[in-house]
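> One structure, pasted below without further comment.
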Amino acid sequence: MFADRVLSGMRPTGNLHLGHYHGVLKNWVRMQHEYECLFFVADWHALTTHYDTPQIIEQSVWDMVIDWLAAGVDPAHATLFIQSRVPEHAELHLLLSMITPLGWLERMPTYKDQQEKLSGKDLATYGFLGYPLLQSADILIYRATQVPVGEDQVPHIEFTREIARRFNHIYGREPGFEEKAAAAVKKLGGKKARLYTELRTRFQEQGDEAALESAKALLDEQQNLSHGDRERLFGFLEGGGKMILSEPQAMLTAASKMPGLDGQKMSKSYNNTISLREDEAEVTKKIRTMPTDPARIRRTDAGDPDKCPVWPLHLVYSGADMQQWVQQGCRSAGIGCIECKQPVIDAVLAEQRPMRERAQVYLDDPTLVRNIIADGCEKARELARATMRDVREVMGLEYK
Ligand code: TRP
Ligand code: SF4
Numbered sequence: 007m008f009a010d011r012v013l014s015g016m017r018p019t020g021n022l023h024l025g026h027y028h029g030v031l032k033n034w035v036r037m038q039h040e041y042e043c044l045f046f047v048a049d050w051h052a053l054t055t056h057y058d059t060p061q062i063i064e065q066s067v068w069d070m071v072i073d074w075l076a077a078g079v080d081p082a083h084a085t086l087f088i089q090s091r092v093p094e095h096a097e098l099h100l101l102l103s104m105i106t107p108l109g110w111l112e113r114m115p116t117y118k119d120q121q122e123k124l125s126g127k128d129l130a131t132y133g134f135l136g137y138p139l140l141q142s143a144d145i146l147i148y149r150a151t152q153v154p155v156g157e158d159q160v161p162h163i164e165f166t167r168e169i170a171r172r173f174n175h176i177y178g179r180e181p182g183f184e185e186k187a188a189a190a191v192k193k194l195g196g197k198k199a200r201l202y203t204e205l206r207t208r209f210q211e212q213g214d215e216a217a218l219e220s221a222k223a224l225l226d227e228q229q230n231l232s233h234g235d236r237e238r239l240f241g242f243l244e245g246g247g248k249m250i251l252s253e254p255q256a257m258l259t260a261a262s263k264m265p266g267l268d269g270q271k272m273s274k275s276y277n278n279t280i281s282l283r284e285d286e287a288e289v290t291k292k293i294r295t296m297p298t299d300p301a302r303i304r305r306t307d308a309g310d311p312d313k314c315p316v317w318p319l320h321l322v323y324s325g326a327d328m329q330q331w332v333q334q335g336c337r338s339a340g341i342g343c344i345e346c347k348q349p350v351i352d353a354v355l356a357e358q359r360p361m362r363e364r365a366q367v368y369l370d371d372p373t374l375v376r377n378i379i380a381d382g383c384e385k386a387r388e389l390a391r392a393t394m395r396d397v398r399e400v401m402g403l404e405y406k
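For the sequence shown, position 245 matches number 251 in the working numbering, and the numbering has no gaps at all.
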């Protein structure tokens, strides 16, 4: 019923690395050409766990946006903004909290998991319990249809769908719905109103799905309907009430298989990362000093790529010929490890070069980034305000 709209957020809690690039950002860059996209800095979400180290968030916000831009996220194709600059998220979070059963939040798998994982920190807070609900507000306020997330976030999207359903159930049946829907039909104008009514009857009395689709298409074409009337007419077709908040779908991003410098998955907590825009000399040094097959002590010892953390990087960065050269050379002691690592170094540097170049423009002139975000916040706010008007209205907050 709504056009596809993609929304995703990222918490500003430190440097982005090549794992983020391969796992998330490349996806964003692709999607920005396929859908309307909104990407935002989830700074309030970062505060739920980093409430005692706000400096980290403050430092990471602009760097993270520069990383996005460096990776190829294009403000001409995607709306980029900062969560806390669209305070409507907080208002929707508060209003949704009125109808959110505590048990739903307490049962979230991420709630206990994260508390255990970050056991050094007291996460028995109101804010942390509400983390998934704040995320729901982020999503529902834009009526996003698609939310690209990793596996771990799927329960949050499912929760968001349940919140939307509960909200629509409680508030969608406005008093006088039938009358308002009838008035909205009239506003379509004589011919279209007759067509709508006829299609609706055909669907309701004969279960004619094609008629339902035609009626929806008819509504999609109407430019002059208010959002409220549009929703009433969609709801009226199928007999239900108004659908105020729409249920999003999770768009599963394949888990990042980006290997780190030690063979484990690249992750800040393993201290095995290469930053997105890491200095060339540093990248070279990090890869040169990577551990290799521990059994290969001398240059003349044959090695086994399957026991070496460099090999997974060749799988990411090298073509078949190069991979063959590594396999053959390693197992026969025909090549040395430094030799073997050089193509990986070259490939990483080549991957980073355009990113570093794009970033430089923004580092030279920080106002560019500030302006991109200011524009994005303005666009996001407009969408958010429209949803909030509907939400306030159905929750009885538009006192006249
Ligand atoms: N919780 C998400 C994460 O940790 C970040 C996030 C916050 C988010 N709000 C969102 C992601 C809304 C998608 C949609 O990755
Ligand atoms: Fe690893 Fe390459 Fe050395 Fe073999 S030659 S042990 S694959 S770095």
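Where a beta carbon is used, it is the ideal one built from N, C-alpha and C, also for glycine. Given the structure is predicted, the values throughout are model-derived calculations rather than measurements.
Quick one: using the 10 Å Cβ neighbour count with 16 as the cut-off for buried, is Q61 buried or exposed?
exposed
> Can you round the beta-carbon distance between I147 and V153 to whole angstroms, since I take them to be within the 8 angstroms contact cut?
Not really, about 13 angstroms apart at Cβ, beyond 8 angstroms.
> Please indicate yes or no: does the CB of K292 lie closer than 7 angstroms to some heavy atom of the ligand SF4?
no
> CB of T295 to nearest heavy atom of the ligand SF4: below 7 angstroms?
no
> On the DSSP letters alone, give me the boundaries of the alpha helix (DSSP H) that G382 sits inside.
372–400
> For T279, which of Q270, E288, G266, D285 has the nearest alpha-carbon?
G266
> Ordered along the chain, which non-local residues of its own chain (more than five positions away) have a Cβ less than 6 angstroms from that of L98?
Spatial neighbours of L98 in its own chain (CB-CB distance under 6 angstroms, excluding positions within 5 residues in sequence) are listed in chain order as A143, I147.
> How long is the line joining the alpha carbons of E40 and L258, rounded to whole angstroms?
16 angstroms
> Any contact of the segment 366–380 with the segment 304–314, i.e. 3+ C-beta pairs under 8 angstroms?
no
> Please identify the residue among D10, G136, E204, L31 whose C-alpha is closest to the C-alpha of A150.
D10
> Who are A84's beta bridge partners in DSSP?
C43
> Classify A216 as helix, strand or coil using the three-state DSSP reduction.
DSSP, reduced to helix, strand and coil, places A216 within a helical segment of the structure shown.
> Could you tell me which residues DSSP pairs with A256 in its beta bridges?
V153
> Along the chain, where does the beta strand (DSSP E) containing V12 start, and where does it finish?
11–16
> Say yes only if the C-beta of H162 is nearer than 7 angstroms to one or more non-hydrogen atoms of the ligand TRP, and no if none qualify.
At least one heavy atom of the ligand TRP is nearer than 7 angstroms to the Cβ of H162, so yes.
> Report, in whole angstroms, the separation of the C-beta atoms of V12 and C43, which I expect to be a contact under 8 angstroms.
5 angstroms
> Mind listing, in chain order, the continuous alpha helix (DSSP H) runs of no fewer than 4 residues lying wholly within the segment 59–110?
60–77, 94–103
> Taking contact to mean 3 or more Cβ pairs, one atom from each stretch, closer than 8 angstroms, check whether the segment 200–212 and the segment 235–254 are in contact.
Under the 8 angstroms Cβ criterion, the segment 200–212 counts as touching the segment 235–254, having at least three qualifying pairs.
> Within the chosen definition, does the segment 226–240 reach the segment 161–172 through at least 3 CB pairs nearer than 8 angstroms?
no
> CB-CB under 8 angstroms to P161, same chain, minus the five flanking residues each way: which ones, in chain order?
Within the same chain, P161 has close Cβ partners M114, P115, T116, P138.
> Going along the chain, which residues of its own chain have a beta-carbon closer than 6 angstroms to the beta-carbon of M7, five neighbours each way excluded?
Below a pLDDT of 50, predicted positions are generally treated as unreliable, and M7, at 41, falls in that range; the measurement from the model is reported next regardless. Residues F240 of the same chain have their beta carbon placed closer than 6 angstroms to that of M7, with the five preceding and five following residues left out of the count.
> Shortest alpha-carbon distance to S324 belongs to which of A339, C346, R305, G340?
C346
> Would you kindly work out how many angstroms separate the C-alpha atoms of I72 and A365, rounded to a whole number?
6 angstroms
> Just to confirm, is the Cβ distance from V350 to V316 under 8 angstroms?
yes
> Taking Cβ positions, are Q38 and D69 nearer each other than 8 angstroms?
no
> In its own chain, which residues sit with a C-beta less than 7 angstroms from the C-beta of A170, not counting the 5 before and 5 after it?
L146, L251, S252, E253
> I need the residues with a C-beta less than 6 angstroms from some heavy atom of the ligand SF4; please give them in chain order.
T298, D299, R302, G309, P311, C314, V316, W317, V332, C336, I341, C343, C346, K347
> Assign Y437 to buried or exposed, taking buried as 16 or more other Cβ atoms, counted over all protein chains shown, within 10 Å of its Cβ.
This structure leaves residue 437 out entirely; the chain is present only between 7 and 406.
> Please state whether DSSP places P265 in a helix, a strand or coil.
strand
> Sort G335, L205, L75 by Cα distance to R362 and report the nearest one.
L75
> Going by the C-beta, is I72 closer than 7 angstroms to any heavy atom of the ligand PLP?
No copy of the ligand PLP occurs in the structure displayed; its ligands are the ligand TRP and the ligand SF4 alone.
> In chain order, what residues of the same chain have a beta carbon less than 8 angstroms from the beta carbon of V289, not counting five sequence neighbours either side?
I280, I351, V354, L355, Q358
> Alpha carbon to alpha carbon, how far is G269 from R17?
25 angstroms
> Hey, would you say the C-beta of R285 is under 7 angstroms away from at least one heavy atom of the ligand TRP?
The question names Arg, but residue 285 is Asp in the sequence shown. Not so, every heavy atom of the ligand TRP lies at least 7 angstroms from the Cβ.
> Let me check understanding here. Comparing Cα to Cα, which of Q334, V30, R91 lies closest to S14?
Nearest C-alpha to S14: V30.
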